[in-house]
Amino acid sequence: MRFSIRSLLAILLLCAISFPLVTGIADLRRDEEMRMQLRVEIETLRERMALDDPQRRRIKQHQRDELTSIRAVRERAERQFETLQQKYGGIEIRGGDVLSLRTVPQLRRDKTQPPVVFRIRVPTDRDVWLKYAVIPAEGVSRSPDQLDDRQDPPVGSGFAHPGHYEWKLEPGEHLLAVETGPARGKVLPASVRLGDKPLLETEFSGDGIPSTGAYHISGTKQIDYPPQRPLPWLLNIKVDLRHDDNSRQDAPFDGCLWLSDRSSGYDPFPHTMVDP
Amino acid sequence: MMPKFATVLFVCTLAVMIAGLGWVGMTRRSIARDIVQLRQELESLHKSTRLEKTLRAQFDSDVDLIASVFDQCRTADDLPRLGGHRIISNADNGESVAFYVPQGGHQLGVRCVWKPTAGKANSATSPEADTATAESLAGESTWSIPLVAERSYLFDRVGSWNVVQPIGWKLACDDESSFPVRTEMLPLPPLRANGGSWSTYRRAVFPNQVNFKVLGDATGRAFIASPLRLAEWSRYCRIDDVGLKIEFELTLTSDNPPVVSATDAEVCLILSKGDRLGDYLGGGRYAVRTH
């Protein structure tokens with residue numbers, strides 16, 4: 011069989027045109043399938059959302075009323091909480107040498123543990139030190155006298171900052187906030203702030219998912235410390251570890267905060283050195 | 005001169021292929037436009053679904069926050085007057101229950117039941133005497149207290165469970181001028197609790213709110229809404245070596261006709277129980293046809 015050049019060119023031309031045609035048809039079928047898939051998805055969603063049923067559509071609108079009508083109630087509750095915070099979170103001045111403290115009520119929001127906030131009034135005629143140490147969870151007295159004598163931070167406690175730290179509090183009123191969590195995987199962040207100023211931003215990491223509870227001095231009423239009364243232990247960051255088999259175990263070390271009349275010669279809190 | 009067959013075939017094939025190419029191109033452009041529109045529609049539907057989920061999560065979070073405010077109230081004066089159409093209550097420590105009642109008539113039901121628990125017999129007394137003591141220690145008291153609407157209340161125990169003293173309860177309102185404090189004592193000798201158990205109850209419901217299940221179960225017959233359980237807890241005590249269990253139950257009875265939430269109203273429609281739905285009452289509530 012013989013082909014002339016003209017025939018060959020004609021066949022080549024047809025082949026050249028058929029190639030985009032074939033791929034175009036394949037793409038067309040793919041696009042068509044996608045369009046069908048989108049239509050089915052939309053139909054399913056519309057059915058689920060009842061967009062084509064006027065009665066259900068009306069009910070859906072009323073569901074919004076149902077869910078949003080609680081907002082005004084929540085706002086009233088929040089306003090009342092602000093009043094309660096002032097009522098139960100304030101302290102009265104008892105004298106030039108009396109330290110007073112109280113916990114300030116906090117709201118639990120979005121299932122996260124609220125910070126523990128202390129209002130501390132440091133008298134003008136007295137030196138007051140805030141101290142932090144990582145201590146064994148068991149067998150250590152919470153007496154500030156004994157805590158003051160602790161030296162040599164433990165190794166391998168799980169806390170990123172083993173301490174020990176101290177900071178001399180200025181006379182006047184302070185808000186000391188200790189916040190722990192929420193855990194990020196096996197890491198539990200913890201921070202200590204004095205007013206706006208961070209004193210310590212640390213974290214605990216260990217063999218398990220950590221969580222913690224508020225374990226602190228009860229300050230629902232104002233507590234006063236005249237010079238003859240030792241200054242108090244404030245709070246322990248106690249960590250509870252959940253293992254893969256769901257068993258629970260207390261971490262062997264706590265982060266501990268307390269107040270003292272004297273310096274123990276500890277380093278300053280790490281973040282006080284960063285701030286000017 | 006007639007064209008050759010091959011030439012005609014070539015020209016026709018070429019024409020068909022070019023036309024085909026044009027059609028494919030135009031159709032694809034049209035489908036592409038459709039796909040863009042459909043994607044936009046789908047995204048808008050997903051957005052609505054997400055909004056619905058966010059609204060529900062926000063509702064739960066709002067109720068938690070209100071309960072958290074109730075937790076911070078130490079006296080009835082501290083309670084917020086919440087407003088709205090819902091009964092909101094919080095009981096999570098087995099000691100006190102804070103709640104708000106909206107417009108309408110409401111009665112608080114308090115039921116205390118005490119009964120001996122199986123325990124070791126006192127060796128110093130005869131078994132008959134023990135049985136007699138135990139029987140005399142079984143009893144029940146109930147109270148029904150009409151409440152003033154649109155007020156918050158704090159139900160609390162009288163005294164402490166940790167020292168030996170008479171047992172009772174106290175109901176106080178955020179507005180003492182409209183509802184004086186009510187105190188009642190149980191007809192039991194002074195005692196001290198050595199344990200207890202309780203469940204967490206958190207409510208944010210319309211008075212006499214029934215769910216789709218109640219409506220489904222009541223198909224074809226009349227019904228009334230059950231009282232709303234606000235809390236229940238138990239305390240364990242000992243009197244003369246006889247163990248005693250005291251159970252408390254708090255319920256709220258409202259006098260309005262039953263209602264159903266818009267969420268349950270939709271389920272009713274899906275389950276073909278829409279004939280039970282009455283008028284829309286506002287705030288996400290529907291009246292219910294009770295018969």
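Chains as they are written, first to last, in this note's numbering: chain G, 11 to 286; chain R, 5 to 295.
We put the CB at the ideal spot given by N, CA and C, even for glycine.
Once DSSP output is grouped into helix, strand and coil, what is the label at A80 of chain R? helix
Using a Cβ-Cβ distance cut-off of 7 Å, determine whether M30 of chain R contacts chain G. no
Candidates G:S215, G:W243, G:I219: closest to Y225 of chain G by CA position: G:W243
Cα-Cα separation between G100 of chain G and D179 of chain R, rounded to whole angstroms: 24 Å
Supposed close pair V144 of chain G, G265 of chain G - CB separation, criterion 8 Å: 6 Å
Could you name the residues of the segment 24–51 of chain G whose beta carbon sits closer than 8 Å to any beta carbon of chain R, in the order they occur along the chain? L24, I27, S28, P30, L31, G34, I35, D37, L38, D41, E42, M44, R45, L48, R49, E51
Quick check: is the beta carbon of P115 of chain G nearer than 7 Å to any beta carbon in chain R? yes
Between which two residues does the beta strand (DSSP E) carrying A208 of chain R extend? 205–209
Within 7 Å, strictly: CB atoms of V162 of chain R and A176 of chain R: no
Could you check whether the Cβ of E270 of chain R sits closer than 7 Å to any Cβ belonging to chain G? yes
Residues near A147 of chain G in its chain [Cβ-Cβ closer than 7 Å; skip 5 each side]: K248, D260, A261, P262, F263, D264
Give the range of the alpha helix (DSSP H) segment to which L77 of chain G is assigned. 64–78
Spell out the partners DSSP gives N301 of chain R in its beta bridges. Past the boundaries of the shown model lies residue 301 of chain R; chain R is included only from 5 to 295, so the question cannot be answered.
Within the continuous alpha helix (DSSP H) that includes D297 of chain R, where are the two ends? What the structure shows of chain R is the stretch from 5 to 295, and residue 297 of chain R is not part of that stretch, so it cannot be assessed.
G288 of chain R CB to nearest chain G CB: under 7 Å? yes
How long is the line joining the alpha carbons of S127 of chain R and P194 of chain R, rounded to whole angstroms? Confidence at S127 of chain R is low in this model, with a pLDDT of 44, below 50, so the placement of that residue is unreliable and no value is reported for it.
Classify G173 of chain G: buried if its beta carbon has 16 or more other beta carbons within 10 angstroms, exposed otherwise. buried
Can you have a look at H50 of chain R and say buried or exposed, based on whether 16 or more other CB atoms are within 10 angstroms of its CB? exposed
Taking DSSP's pairing of strands, which residues face A197 of chain R in a bridge? R:C241
For A82 of chain G, the three-state DSSP class (helix, strand or coil): helix
With a cut-off of 7 Å, does the C-beta of Y240 of chain R fall near any C-beta of chain G? no
Should T129 of chain R be flagged as near chain G, meaning a C-beta pair shorter than 7 Å? Low per-residue confidence applies at T129 of chain R: pLDDT is 47, beneath 50, and the placement is therefore not dependable enough to give any value.
Out of curiosity, what's the CA-to-CA distance linking L13 of chain R and A19 of chain R? 10 Å
Please compile the residues from chain R whose C-beta is within a distance smaller than 8 Å of the C-beta of A82 of chain G. G87, G88
For G220 of chain R, which of R:S276, R:Q107, R:P231 has the nearest alpha-carbon? R:S276
Looking at the structure shown, is M59 of chain G part of a helix, part of a strand, or coil, going by DSSP? coil
Between the segment 197–212 of chain R and the segment 112–120 of chain R, can you find at least three pairs of beta-carbon atoms closer than 8 Å? no
Starting from V271 of chain R, follow the alpha helix (DSSP H) in both directions and report where the run begins and ends. 266–274
At what residues does the beta strand (DSSP E) containing D234 of chain G begin and finish? 233–235
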